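Asker: Encoded as structure tokens, here's the structure I'll be asking about.
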Amino acid sequence: MPGTTTSRALLLAGVVLTAHMFLCTAYVGGDGFSVEFIHRDSVKSPYHEPSLTAHTRVLEAARRSSSRAAALSRSYARADAPSADGAVSELTSRPFEYLMAVNVGTPPTRMLAIADTGSDLIWLNCSNGDGAPGLAAARHAHAPAPARVPAPASAPPPGVQFNSSNSTTFALVSCGTGACRALPDASCPDSKCRYLYSYGDGSQTSGLLSTETFTFADDHGTRGDGKIRVANVNFGCSTTMIGSFIGDGLVGLGGGDLSLVNQLGADTSLGRRFSYCLVPYSINASSVLNFGPRATVTEPGAATTPLIPSEVKAYYTVDLQSVKIGNKTLAAPQQSTVIVDSGTTLTYLANELVDPLVEELTRRVKLPPAKSPEDLLPLCFDVSGVREGQVAAMIPDVTLGLGGGATVTLKAENTFLEVQEGTLCLAVAAPSDQFHPVSIIGNIAQQNMHVGYDLDKGTVTFAAADCAKSSGSLYI
């Protein structure tokens, strides 16, 4: 359709212009680099709770998923109703699933930050370098929450702070720059670019937009010191906060101008592309996050679908056309788009798809029904009398029909999860917000898939993969 062609052209044009707005420079080889992608429940995560069972962790992830999906819906609602001055913050939610390490400054400070495909801004927990309290201290300040939003829960103990006065490569960003103009809520009372970012739960973070050298540990690479240095990365040096955040900051991997992906794209040898391969929850190993040419999806059977411009620029949205179970094809509602998101555990589809999907699976799966814990999920089975290896064979494949003729096959591990001993539930649900329903392909659906995002081409590619093998023994 002409409208679709024009939209895609505008999307690609915006991406090309981004390369000229930001002057990030990466000192990397021609094949890109890879970093460890750590699930929050992994033993490598500081938020791992050893007292929880594997099933309890899955149930907790499902609860977080519901909160995250609601926050994504609120982002669309705010995009439809911009503020009086025309600024629309691109919001996400504090619930998160994956972390990545980044070393900031010269000499470097190692920080473990949330890695979020639904956010743009990179921001880190900073002190301002002159002895005044920074974000970690401010976490426990008794500041009021914004109007009509309940105060967020108290934060965990403070993490790492970046002290900019100790770095020889730190610099502030001035107001006239493209990076400052890219912020939705920037102010310039004193020529410094100050930002305020608000999140769906009422939390806020603010500070000074800055530049710094970021160093990534490329453990899969062949370079001498195994390190990738990227100079002049625009990031938020956050010094105040209302509410609570987990981690030492956040690395935005979304589609907007200030995301890490777009900034790395200023180095033409890397391009604006990244990929990940998510290890299943049941495997005690980290996943892998790739940038540059190393993010190319080359596995057999790869399916590529065009990105669709989103009301919220950070989100990666594609066209969902159908859902197929066996020989039964369910047509998606007209103009049905879906967000591809690593930070949401469950998959959310329109009621018009979920209801017949549940009906068809109920008919095909020959297992006794079970009650869903807390009524979180629409369909559950009792698998207590079935051997573990037999369950997957009893679950039919579900195939997503996407734009451009792409088809993505979801195996049992992508559509079901065991939320408690002997109870297997469908990891697909309808959005809880019926006023602004948002469809999402979550991370359970993406397990054991190599998923590549190419902002230069405006595409997302999916391919089945053995992600534990891809991550290598180094991440186990």
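For the sequence shown, the residue numbers in mature numbering (1 follows the signal peptide of the UniProt record, and there is no 0) are -26 to -1, 1 to 450.
Note that beta-carbon positions come from the ideal geometry of N, C-alpha and C, so glycine has one too.
Keep in mind that this is a model prediction, so the values were computed, not measured.
1) Thinking C-alpha only, which one of 413, 41, 74 is nearest residue 296?
2) Could you tell me the boundaries of the alpha helix (DSSP H) in which residue 152 lies?
3) Given 8 Å as the limit, is there contact between the stretch 250 to 259 and the stretch 416 to 436, that is, 3 or more CB pairs closer than that?
4) Between which two residues does the beta strand (DSSP E) harbouring residue 438 extend?
5) So what's residue 394 in DSSP terms, helix, strand or just coil?
6) So, does the CB of residue 192 fall closer than 8 Å to a CB anywhere in chain D?
7) Between the C-alpha atoms of residue 111 and residue 439, what's the straight-line distance to the nearest angstrom?
8) Three-state secondary structure (DSSP) at residue 99?
9) For the structure I just gave you, are there three or more beta carbon pairs, one from the stretch 341 to 360 and one from the stretch 422 to 433, closer than 8 Å?
10) Which residue or residues does DSSP assign as beta-bridge partners of residue 70?
11) In the DSSP assignment, the alpha helix (DSSP H) including residue 389 goes from what residue to what residue?
12) Kindly list the residues whose CB is nearer than 6 Å to the CB of residue 474, restricted to its own chain and excluding five residues on each side of it in sequence; keep chain order.
13) Straight-line CA distance for residue 96 to residue 153?
14) Hey, how far is the Cα of residue 387 from the Cα of residue 256?
15) Alpha carbon to alpha carbon, how far is residue 383 from residue 279? Give it in angstroms, no decimals.
16) Specify the secondary structure class of residue 326 as computed by DSSP and reduced to three states.
17) For the candidate residues 74, 43, 41, 374, whose alpha-carbon lies nearest to that of residue 14?
18) Are residue 271 and residue 437 closer than 8 Å when you measure CB to CB?
19) List, from N- to C-terminal side, the alpha helix (DSSP H) runs of 4 residues or more that fit wholly inside the stretch 296 to 347.
20) By how many angstroms is the C-alpha of residue 135 removed from the C-alpha of residue 399?
21) Would residue 345 be called buried (16 or more neighbouring beta carbons within 10 Å of its own) or exposed?
22) Does DSSP classify residue 164 as helix, strand or coil?
23) Among 292, 216, 101, which residue has its Cα nearest to the Cα of residue 83?
24) Secondary structure at residue 29, three-state DSSP: helix, strand or coil?
25) Mark residue 432 as exposed unless 16 or more other C-beta atoms lie within 10 angstroms of its C-beta, in which case mark it buried.
26) I'd like the list of long-range same chain contacts for residue 372, defined as Cβ closer than 6 Å, with 5 residues on each side in sequence excluded.
27) Consult DSSP for residue 34 and reduce its assignment to one of helix, strand or coil.
28) With a threshold of 16 other CB atoms inside 10 Å of the CB of residue 155, please say whether the residue is buried or exposed.
29) Confirm, please, whether the CB-CB distance from residue 5 to residue 266 is below 8 Å.
30) Check residue 203 in the structure and name its three-state DSSP category.
31) Tell me the DSSP secondary structure of residue 147 in three-state form.
32) Terminal residues of the continuous beta strand (DSSP E) containing residue 178?
33) Could you compute how far the alpha carbon of residue 162 sits from the alpha carbon of residue 86?
34) Ends of the alpha helix (DSSP H) at residue 234?
35) Select from 363, 230, 223, 77 the residue whose C-alpha is nearest the C-alpha of residue 180.
36) In terms of residue numbering, what span does the beta strand (DSSP E) encompassing residue 375 cover?
Answerer: Taking the geometry as given:
1) Within the sequence shown, the letter at position 322 stands for residue 296. The candidate whose alpha carbon is nearest that of residue 296 is 413.
2) Residue 152 sits at position 178 when you count from the first residue of the sequence shown. Counted as a single uninterrupted DSSP element, the alpha helix (DSSP H) harbouring residue 152 occupies residues 152 to 155.
3) As far as the Cβ criterion goes, the stretch 250 to 259 touches the stretch 416 to 436, which means the pair count is three or higher.
4) Locating residue 438 in the sequence shown gives position 464, counting from the first residue. Bounds of the beta strand (DSSP E) holding residue 438 are 433 to 438.
5) Here residue 394 corresponds to residue number 420 of the sequence shown, with the count starting at 1. The three-state secondary structure of residue 394, taken from DSSP, is strand.
6) Considering every chain present, this structure includes no chain D. It has just one protein chain.
7) Here residue 111 refers to the residue found at position 137 when the sequence shown is read from its first residue. Here residue 439 refers to the residue found at position 465 when the sequence shown is read from its first residue. Low per-residue confidence applies at residue 111: pLDDT is 35, beneath 50, and the placement is therefore not dependable, though the value from the model is reported in the following sentence. Cα to Cα, residue 111 sits roughly 43 Å from residue 439.
8) The residue you call residue 99 lines up with position 125 of the sequence shown. Strand.
9) The stretch 341 to 360, when compared against the stretch 422 to 433, does not touch it at the 8 Å Cβ threshold.
10) Along the sequence shown, one-based indexing puts residue 70 at 96. According to DSSP, which records beta bridges pairwise, residue 70 is partnered with nothing at all.
11) Translated into positions along the sequence shown, residue 389 becomes position 415. Looking at the DSSP string, the run of the alpha helix (DSSP H) that includes residue 389 is 386 to 389.
12) What is shown of the chain runs -26 to 450, which leaves residue 474 out entirely.
13) One-based indexing of the sequence shown puts residue 96 at position 122. One-based indexing of the sequence shown puts residue 153 at position 179. Their backbone Cα atoms lie some 12 Å apart in a straight line.
14) Counting from one through the sequence shown, the residue named residue 387 turns up at place 413. Counting from one through the sequence shown, the residue named residue 256 turns up at place 282. For the pair residue 387 and residue 256, the Cα-to-Cα distance works out to about 10 Å.
15) In the sequence shown, residue 279 corresponds to position 305, counting from 1. In the sequence shown, residue 383 corresponds to position 409, counting from 1. Rounded to whole angstroms, the gap between the alpha carbons of residue 279 and residue 383 is 14 Å.
16) Counted from its first residue, the sequence shown places residue 326 at position 352. DSSP places residue 326 in helix when its eight states are reduced to three.
17) Position 40 of the sequence shown holds residue 14. When each option's Cα is compared against that of residue 14, the closest is 74.
18) Position 297 of the sequence shown, counting from 1, holds the residue named residue 271. Position 463 of the sequence shown, counting from 1, holds the residue named residue 437. Cβ atoms of residue 271 and residue 437: closer than 8 Å.
19) Counting only runs of 4 or more, we get 325 to 338.
20) Locating residue 399 in the sequence shown gives position 425, where the first residue counts as 1. Locating residue 135 in the sequence shown gives position 161, where the first residue counts as 1. Using only the alpha carbons, I get a separation of about 41 Å.
21) Within the sequence shown, numbered from 1, the residue matching residue 345 stands at position 371. Label assigned to residue 345: exposed.
22) For the purposes of this step, residue 164 is identified with residue 190 of the sequence shown, where counting begins at 1. If DSSP states are grouped into helix, strand and coil, residue 164 belongs with coil.
23) Position 109 of the sequence shown holds residue 83. Shortest Cα-Cα distance from residue 83 to any of 292, 216, 101 involves 101.
24) As a first step, residue 29 is located in the sequence shown; it is residue number 55 there, counting from the start. In this structure, residue 29 counts as helix in the three-state DSSP scheme.
25) Position 458 of the sequence shown holds residue 432. Counting Cβ neighbours within 10 Å, residue 432 comes out buried, since at least 16 surround it.
26) Position 398 of the sequence shown, counting from 1, holds the residue named residue 372. Taken in chain order, the residues that qualify are 299, 384, 389.
27) Residue mapping note: residue 34 aligns to position 60 of the sequence shown, counting from 1. Helix.
28) For the purposes of this step, residue 155 is taken as the residue at position 181 of the sequence shown. Exposed: under 16 other Cβ atoms inside 10 Å.
29) Within the sequence shown, numbered from 1, the residue matching residue 266 stands at position 292. Within the sequence shown, numbered from 1, the residue matching residue 5 stands at position 31. Cβ atoms of residue 266 and residue 5: closer than 8 Å.
30) Residue numbering aside, residue 203 sits at position 229 when the sequence shown is read from its first letter. Three-state DSSP puts residue 203 in a strand.
31) Here residue 147 refers to the residue found at position 173 of the sequence shown. Of the three classes helix, strand and coil, the one that applies to residue 147 here is coil, per DSSP.
32) In the sequence shown, counting from the first residue as 1, residue 178 sits at position 204. Note, residue 178: beta strand (DSSP E), 178 to 191.
33) Along the sequence shown, read from residue 1 onward, the residue named residue 162 stands at position 188. Along the sequence shown, read from residue 1 onward, the residue named residue 86 stands at position 112. Taking the straight line from one Cα to the other gives about 29 Å.
34) Within the sequence shown, the letter at position 260 stands for residue 234. Going by DSSP, residue 234 is part of the alpha helix (DSSP H) stretching over 234 to 238.
35) Within the sequence shown, residue 180 is the residue found at index 206, counting from 1. For residue 180, the nearest C-alpha among the options comes from 223.
36) As a position in the sequence shown, residue 375 is number 401, starting the count at 1. Counting along the chain, the beta strand (DSSP E) containing residue 375 begins and ends at 372 to 376.
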